[in-house]
Amino acid sequence: MNSPNNSCDVVVDINDITYRRRVLARESLADFIRHTIGLTGTHVGCEHGICGACTVKMNGMIVRSCLVLAVQADGQQIKTIEGIKASGEIDDLRAAFHENNAAQCGFCTPAMLITAAELLQNEKNPDRQRIRQFLSGNYCRCTGYQAIVDAVEQVALERGNV
Amino acid sequence: MLLHRIQERGRAPGENFVKPVDFAYKKARSIDHALRLLKENVDDAALLSGGQSLLPILNMRLATPALLIDISHLEVLRGIERQGKFIRIGGATRHVELQRSPVITHHLPLISRAVDHIAHAAIRNRGTLGGNLALADPASELPACCVALDAKIELTSEAGVRQVEAREFFIDVYETAMKADEILTAVTIPTTTSNAYFSFREFVRRQGDFAIVGIAVHAEVVDGRFETLAPAFFGVSKKPVLAVRSLIPILGERFSPERIDEVVKSLQNEIEIFDSLHASAGFKRHLVKHFFAESLKEIHEFSEQ
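So the sequence lines, in the order shown, correspond to chains A and B.
No gaps in the numbering here: position 59 of the first sequence is 59 in this note's numbering, and each next residue is one more.
Whatever position you read off the second sequence (first residue = 1), add 1000 for this note's numbering.
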């Protein structure tokens, strides 16, 4: 049962929109993003930090939103896949995922894109092994990863040529 | 700190999702404030630092605290600082900060190497050293490094500050010498000498997973002889284990493959090895012996260069 005393007021910036909401202390940031804000691109898989499907950016750093409480996001800046997509920053990555069939059921895809984008932002020429290593925190149960690594490698090479 | 209160809890009908029980949340304004809250709620509170160990435990309802006291934002608990012959690391220092710190790279290369093996970037961006040690997963990397490096754990309560040797700190699975009214405020690690060498290895099913077996070794080699040798194994037992007795034949001696073989044989008697979900004790025993022999060989080769 939820005690009304166990809720808190938060002001959270999600994809450049400021939300003031009352949240339960026990509510995860992932559930807050999905159920309260209604942004369902952030997926909830294992809820203990293993599968990576709930990855979002908090103050510019990737985090597991199932392992952050909504109340801890008070005063922080969150970017979800919706906001990152809208920025246009990952258009090439999305296209490459499409071309390479790097998404099947799509459950892992938003977080896979966010994680891959993080790698490509920090490292110019990651090789396949490095790509696999960096994406190792994101489970995909359909593709066998080959196509995902292909897509990320393709974008790494394309961006390197610009 | 928390896990002595962790309880196995049956799931009520309809309770078939992974959400923590209802709890209150308080953001501590200072260490004193956190300590007061902790004392007032001593039987029923948990400290929240990075949350990367605590929140999975809460989500799975292995622990059911009534209050979370958030200390992760307290700047005074963060930072990496050289103090003479020691490096002092604040309890709420995040793994990513350890990974990027030139002080750690230069003075504590073993920690540097270990951090790369801790989970994944998204976890390292939140997880903290203090939380890692206080929650004391026996398969975790940094507890073993602290044991190998002979670190001291600084515990603060309203009664004052005490230092506990890392080698005394870990007691059992998720259990440490921390008392319920204490905060892990810092870790102090001796800086390495010019004779120091390290080795770090672990066996995992997936990059970033908890280790099935791992080893963190700190050694000092003088004139080709092992003057100090501290191999800490993790993932094998209920806590990180330092091998001591078995090392006697090689301490103060030159590297010799025959002597190492002798040590490797007695290691399995000294270290208690448990089965786990992914590996039998027999397989782990094999890894322990293999990693130990490889690590010593690596250290010997480095020291000859």
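Note that beta-carbon positions come from the ideal geometry of N, C-alpha and C, so glycine has one too.
Below the 7 angstroms Cβ cutoff, chain B contributes 1024 as neighbours of residue 5 (chain A), in chain order.
The beta carbon of residue 1222 (chain B) sits closer than 7 angstroms to the beta carbons of 1195 from its chain, once the five residues preceding and following it are set aside; these are given in chain order. In chain order, 1080, 1082 and 1087 place their CB closer than 7 angstroms to the CB of residue 1103 (chain B), counting only its own chain and leaving out the 5 sequence neighbours on each side. The criterion of a C-beta distance shorter than 7 angstroms is not satisfied by residue 1062 (chain B) and residue 1054 (chain B). Within the same chain, Cβ atoms closer than 8 angstroms to the Cβ of residue 132 (chain A) are found at 145 and 149, the five residues on either side in sequence being excluded. Apart from sequence neighbours up to five positions away, the residues of its chain that approach residue 11 (chain A) with a beta-carbon distance below 8 angstroms are 18, 19, 20, 74 and 75, ordered along the chain.
Closer than 7 angstroms to the CB of residue 1120 (chain B) there is at least one CB belonging to chain A.
The DSSP-derived three-state label of residue 40 (chain A) is coil. Counting C-beta atoms within 10 angstroms of its own C-beta, residue 1199 (chain B) has 16 or more neighbours from the protein chains shown and is therefore classed as buried. Contact between residue 1133 (chain B) and residue 25 (chain A) does not hold, since the beta-carbon distance rounds to 25 angstroms and is not under 8 angstroms. If you look at residue 1165 (chain B), you'll find it in the beta strand (DSSP E) that goes 1160-1165. Taking 7 angstroms as the cut-off, the Cβ atoms of residue 70 (chain A) and residue 102 (chain A) do not count as close. 47, 48 and 49: these are the residues of the stretch 30-49 of chain A whose beta carbon lies less than 7 angstroms from some beta carbon of chain B, given in chain order. Bridge partners of residue 1128 (chain B) according to DSSP: B:1094.
Cβ neighbours of residue 1212 (chain B) within its own chain (closer than 6 angstroms, five residues either side excluded): 1203, 1235, 1278 and 1279. Taking 7 angstroms as the cut-off, the beta carbon of residue 1219 (chain B) is found closer than this to the beta carbon of residue 1197 (chain B). Rounded to the nearest angstrom, the gap between the Cα atoms of residue 139 (chain A) and residue 55 (chain A) is 11 angstroms.
In chain order, 55, 114, 115 and 118 place their CB closer than 7 angstroms to the CB of residue 62 (chain A), counting only its own chain and leaving out the 5 sequence neighbours on each side. The alpha-carbon of residue 1075 (chain B) is positioned some 22 angstroms away from that of residue 1180 (chain B).
Taking a cut-off of 8 angstroms on C-beta distances, the stretch 1085-1100 of chain B touches the stretch 1110-1120 of chain B, as three or more cross pairs fall below it. Secondary structure note for residue 1081 (chain B): its beta strand (DSSP E) is the uninterrupted segment 1080-1083. Secondary structure within the stretch 43-93 of chain A: the alpha helix (DSSP H) runs of 4 or more consecutive residues, fully enclosed, are 81-86 (chain order). The stretch 1163-1224 of chain B contains, as complete beta strand (DSSP E) runs of 3+ residues, the segments 1170-1172, 1183-1190, 1196-1203 and 1213-1222 (chain order).
Among the residues of chain A, none has a CB under 7 angstroms from the CB of residue 1099 (chain B); the nearest is roughly 12 angstroms distant.
In chain order, 1155 place their CB closer than 7 angstroms to the CB of residue 1162 (chain B), counting only its own chain and leaving out the 5 sequence neighbours on each side. Take residue 1249 (chain B), set aside five residues on each side of it, and the residues of its chain with a beta-carbon closer than 7 angstroms to its own are 1259, 1262 and 1263, in chain order. Below the 8 angstroms Cβ cutoff, chain B contributes 1122 as neighbours of residue 55 (chain A), in chain order. The DSSP-derived three-state label of residue 21 (chain A) is strand. Shown here, residue 1103 (chain B) sits in a helix according to DSSP, grouped into three states. Counting every other CB atom within 10 Å of its CB across the protein chains shown gives residue 1288 (chain B) a total of 16 or more, marking it as buried. The distance from the Cβ of residue 1273 (chain B) to that of residue 1303 (chain B) is about 29 angstroms, inconsistent with a contact at the 8 angstroms cut-off. With a cutoff of 7 angstroms on beta-carbon distance, residue 1193 (chain B) and residue 1107 (chain B) are scored as not near each other. Judged by DSSP secondary structure, residue 1295 (chain B) falls within the alpha helix (DSSP H) whose first and last residues are 1281-1304. At a cut-off of 7 angstroms between beta-carbon atoms, residue 1245 (chain B) makes no contact with chain A. Nearest CB-CB separation between residue 148 (chain A) and chain B: not below the 7 angstroms threshold. Boundaries of the beta strand (DSSP E) around residue 1157 (chain B): 1152-1157.
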